[in-house]
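Student: Sending over a structure as structure tokens; questions will come in a sec.
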Amino acid sequence: MQEYEDLKTLVNEIEADINKAAGGNKAAGTRVRKQMQTIKQSAQTVRSRILELRSSD
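Start counting the sequence shown at 697; every next residue gets the next number (my numbering).
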């Protein structure tokens, strides 16, 4: 399922900024918060797709 693969990619891309934010980098923290919002939206897309698959059976 492509939606899930997209979600995994987003999570992998954020790792470096999370480490920087944990080290005290405020700009990285801002980027993490923005990326987390995108991840939230992507997760919702995955949830919707799963429900579509379940309903079509």
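Where a beta carbon is used, it is the ideal one built from N, C-alpha and C, also for glycine.
Predicted model only: the values in this text are computed from it and were never measured.
Rounded to the nearest angstrom, what separates A717 and S738 at their Cα positions?
Tutor: Spanning the two alpha carbons is a distance of roughly 22 Å.
Student: Are I714 and V728 close, meaning C-beta to C-beta below 8 Å?
Tutor: Yes, the Cβ-Cβ distance between I714 and V728 is below 8 Å.
Student: Report the three-state DSSP secondary structure of D753 (helix, strand or coil).
Tutor: Three-state DSSP puts D753 in coil, outside helix and strand.
Student: Report yes if the CB atom of V742 is closer than 8 Å to the CB atom of L703, and no otherwise.
Tutor: Yes, Cβ-Cβ distance for V742 and L703 is below 8 Å.
Student: Leaving out five residues before and five after G725 in sequence, what residues of the same chain have Cβ atoms less than 7 Å from its Cβ?
Tutor: A717.
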